[in-house]
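So the structure is just underneath, and the comments pick up after that.
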Amino acid sequence: MPPPRGIRPRSAAELTRCEQAALDFIADDLRLDLAPGLHAASPDSRLLALEDLYPRTELAGLLHRDGHTPALDAELTAFASSMGEPAAASAGRAALFNARRTALGTGAGQLGDREHACTGLWRNGLARAAAFGVPLPTAAERDLEAAVAELADPGPFLALTNGDTESHNVLTGPSGGGRLIDFERAGFRHALTAATGFAVPGPNWSAVSGPGQVEAFRRALARTVPRGRGRPAFRLRPGLGFHGLGDDARRPSHVAGRTRPRQRLPHPDGGPAGIRSPHRRGAPDTPPPGGLVPVHGGPVASPLARHRHRHRRHRPLHRA
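When the letters of the sequence shown are read in order and numbered with my numbering, they come out as residues -12 to 307.
Next comes the structure, spelled out in structure tokens:
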């Protein structure tokens, strides 16, 4: 699959140089004990000798095995905090990180990686969805464009992010001391990109998203970026609920729907006032515009059914 327009893919050697620069930057400049130690490196040979992190294991593996237990919730909260800490410590220090990359042979033209790769996918996704005959509703498209614009202009939120902060890239052990790994796509971007795994569907998103994790990330970031506590862009909404990875509720909706009736969910403009108000310009009682988005019922839709009951006057749910 070709990279999104405007995104320059990194070569294998450049990925290695970037990871070396990031690990040295975190350990020596930021003085943080959040990543594996680097013992030796040969970027041209694409080799790095890293600290042995055994007996730590992938957090994703524990989620697959045990589901979302109280103990793992604490690990997830620590994971979220560990993503906010390097962002807080690195704010305003992009030049130092770029100097490390340049010293390792990274060309000046490759340092402009401020835009996260996913933003290119999001932009292209609008056209691709329309080409498949499922265009986004106007309000959803407007929200997406606003999010992409926010990420492209980080201001004080420009900070080091891992570039792939998902639960399979954090190792945890019985005595704590989790470590983030895989910094080959690290770069200075909007700090919010480091928190997308807790608010946007992705690997294990139903298992990792929760208000405690979002708050832990914001609290860590706000240590040096106070605006991280109140900036509207950081009012992240958690996922729909917590389900173990073997739970039927995590099955794709088209599978769950084979034996369950179809339902229709509210249009994005028909949600609670806190979500809808930025897109409303009429009187408070004006019915929200837009159509309905069909999904399958069953356990996948049960959290949304509760949402429907609380906000029935905004957009009732109809059976097809």
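Just so you know, even glycine gets a beta-carbon here, dropped at the ideal spot from N, CA and C. Here the structure is a predicted model, which is why all the values come from computation and not from measurement.
Asked, Found
"I want to check one thing, is the minimum distance from the CB of residue 28 to the heavy atoms of the ligand GDP below 7 Å?", "In terms of ligand content, the structure shown is empty, and the ligand GDP therefore cannot be addressed."
"Between residue 24 and residue 134, what straight-line distance do the alpha-carbon atoms span, to the nearest angstrom?", "35 Å"
"Is residue 276 helix, strand or coil when you go by DSSP?", "Because the pLDDT of residue 276 is 41, which lies under 50, any placement of that residue in the model is unreliable, and the question is left without a value."
"To which residues does DSSP link residue 29 through a beta bridge?", "34"
"When the Cβ atoms of the region 51 to 67 are set against those of the region -4 to 8, are three or more pairs found closer than 8 Å?", "no"
"For the beta strand (DSSP E) that contains residue 180, what are its first and last residues?", "Neither: residue 180 is in no beta strand (DSSP E) and is coded neither H nor E."
"With DSSP run on the structure shown, which of helix, strand or coil describes residue 171?", "coil"
"Indicate the three-state DSSP secondary structure (helix, strand or coil) for residue 129 in the structure shown.", "helix"
"With respect to the beta strand (DSSP E) encompassing residue 148, which residues constitute its N-terminal and C-terminal limits?", "145 to 148"
"To which residues does DSSP link residue 157 through a beta bridge?", "167"
"Within 10 angstroms of the Cβ of residue 26, are there 16 or more other Cβ atoms? Answer buried if so, exposed if not.", "exposed"
"Taking the alpha-carbon of residue 201 as reference, which of 49, 65, 114, 142 has the nearest alpha-carbon?", "65"
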